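J.: One structure, as structure tokens, below. Some questions next.
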Amino acid sequence: MPYEVQYQCQRCTACCRWPGQVKVSAQETVQIAAFLGVEEDNFIQRFTRLRAQREGLALLDKPNGECFFLDGRDCRIQPVKPQQCRDFPHKWNFPGWRQTCEATPVLTST
Ligand code: SF4
751 MPYEVQYQCQ RCTACCRWPG QVKVSAQETV QIAAFLGVEE DNFIQRFTRL
801 RAQREGLALL DKPNGECFFL DGRDCRIQPV KPQQCRDFPH KWNFPGWRQT
851 CEATPVLTST
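Per the numbering used here, the very first residue in the sequence shown carries number 751; after that it's consecutive.
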């Protein structure tokens with residue numbers, strides 16, 4: 751029977767602290783703004799920036815490079831966090847992620 755490795759998130763926040771960009775789609779800006787109780791335009795102005803390639807928006811960073819919405823070991827927008835956050839590390843990861851990410855590898859049948 752074929753198996754594959756799945757990683758179970760341990761909420762270590764390594765991906766939230768990696769100084770890359772957290773892409774946010776138009777639909778996600780609507781959902782996050784509603785969750786925060788602010789107008790969408792207000793959310794975009796206050797909490798997003800242009801992506802490096804200028805093809806869309808990303809969440810704001812803190813000066814140290816971590817995501818603006820990281821609060822200690824918690825995500826302040828956890829119920830509506832962007833798909834990119836949900837996809838780590840299976841659909842994307844960063845160089846050396848296994849050295850910092852505490853996700854537990856689990857063998858699952860496909
Ligand atoms: S939105 Fe939440 S889960 Fe995504 S990088 Fe920011 S703090 Fe982490």
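Heads up, the beta-carbon is just placed ideally off N, CA and C, and yes, glycines get one too.
Predicted model only: the values in this text are computed from it and were never measured.
Any chance the region 790-804 sits against the region 831-839, with 3 or more Cβ pairs inside 8 Å?
T.: no
J.: Beta carbon of P813: closer than 7 Å to some heavy atom of ligand 1?
T.: Here residue 813 corresponds to residue number 63 of the sequence shown, with the count starting at 1. Because no heavy atom of ligand 1 lies under 7 Å away, the Cβ of P813 does not count as near it: no.
J.: Does ligand 1 have a heavy atom nearer than 7 Å to the CB of V788?
T.: Mapped onto the sequence shown, residue 788 falls at position 38. No - ligand 1 has no heavy atom lying nearer than 7 Å to the Cβ of V788.
J.: Near ligand 1, which residues have their beta-carbon closer than 5 Å to a heavy atom?
T.: C766, V772, C817, F819, L820, C825, K831 and C835
J.: Please go through the same chain and pick out, in chain order, the residues whose beta-carbon is closer than 7 Å to the beta-carbon of F838, but skip the five residues on each side of it.
T.: Here the question's residue 838 lines up with position 88 in the sequence shown. Taken in chain order, the residues that qualify are C765.
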